[in-house]
Structure formats: structure tokens, C-alpha cells
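**Student:** Structure below; questions to follow.
Numbering (the working numbering), first residue to last: 245 to 397.
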């Protein structure tokens, strides 16, 4: 095994030299430097963040719109709730308050309201049909509470 002494080179490191592949290396000239800056600026423009339009109040980010089937189902359940409310009103307003008929009306209204609440929890939170079903379900809940409390007696 032999030891060789490596001496310092007398060459100026900032000067232009030749690499193994035959390319010139060294300081970048002014024109090349400006060209490289332009290239970097173009890359930054391409990767810049774009402005995104704000989400509307009716649709949350990533929230899907209801399908036509879901909208029809919501309208059908709204119709059922309104029919149940009308039936309860008819039975409460009768001259001879038949307690059994009133209880049947309350039970039917409770069932349709519960079904509507299940539908509301499973469907997207946007759309006019959903808003109508939600308001009708709230109305049904209030009317059930009033009738059970005895406000209509």
C-alpha cells in the first residue's frame, strides 16, 4: 500500500473549466442567468395556487345535490305528512271527540314524521324539496306536542 500526497491546485476555482463530459463549467454569464430566472418564474406561475370561487350557502364543500329520485321521495313524504296533519286536524275538530280516532291520527302522524326524519338524515343537505320536508316535519312535531299536551281540548 502506498501513500500519495495530493497537493493543492494553483487553478482559480471561479474560472471556467472543463468537465469530464466536455462541457464548460463555471460562473453563469449575465444572459444565461436572466434566462434561468425567467424559466424559474414561469415554473412558479404554473404551480401557483388558483383562486377558487367561494361555496354557496346552500351547498357545503363536497356535498352532492339530491338525485331526482330523492327529490320525488321527499315530496311524497311531505305530502304524507300534510295528509296526516289534515287527518289529525279533522279528528280534533270533530264535535264528538273520539279518543280512539285522535290516537290513531297521532300514531300515524308520529310514524310519518319519524320516516321523514330518517329521510332527512340520509339525503344531501341541499335542495328546496328537502327544506320543505324539514319545515313540514318541524310543524308535525309541534302539532304532536300541542295535541298531546291538551292545547286543543
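Ideal Cβ positions, reconstructed from N, Cα and C, are used throughout, including at glycine.
Ordered along the chain, which non-local residues of its own chain (more than five positions away) have a Cβ less than 6 Å from that of residue 396?
**Tutor:** The residues are 336.
**Student:** Relative to the C-alpha of residue 364, which candidate in 333, 321, 276 has its C-alpha closest?
**Tutor:** The shortest Cα separation from residue 364 among 333, 321, 276 belongs to 321.
**Student:** Need the endpoints of the alpha helix (DSSP H) that residue 389 sits in, please.
**Tutor:** Run containing residue 389: 372–393, per the alpha helix (DSSP H) assignment.
**Student:** What three-state label does DSSP hand residue 330 in the structure shown?
**Tutor:** Helix at residue 330.
**Student:** If we ignore side chains and look at the alpha-carbon of each, how far apart do residue 303 and residue 345 end up?
**Tutor:** The pLDDT assigned to residue 303 is 49, lower than 50, so where the model puts this residue is not dependable; a value taken from the coordinates is nonetheless given after this. Rounded to the nearest angstrom, the two C-alpha atoms are 42 Å apart.
**Student:** Helix, strand or coil for residue 342 per DSSP?
**Tutor:** Here residue 342 sits in coil by DSSP.
**Student:** Out of curiosity, what's the CA-to-CA distance linking residue 314 and residue 367?
**Tutor:** Spanning the two alpha carbons is a distance of roughly 7 Å.
**Student:** Look at residue 353 and residue 388 and say whether their C-beta atoms are less than 8 Å apart.
**Tutor:** A contact, by the Cβ cut-off of 8 Å.
**Student:** With distances taken Cα to Cα, identify the nearest neighbour of residue 328 among 283, 359, 280, 370.
**Tutor:** Of the listed residues, the one whose Cα sits closest to residue 328 is 359.
**Student:** Can you tell me whether DSSP reads residue 312 as helix, strand or coil?
**Tutor:** Residue 312 falls in the helix class under three-state DSSP.
**Student:** Among the candidates 284, 373, 362, 392, whose CA atom is the shortest distance from the CA of residue 312?
**Tutor:** That would be 373, whose Cα lies nearest to the Cα of residue 312.
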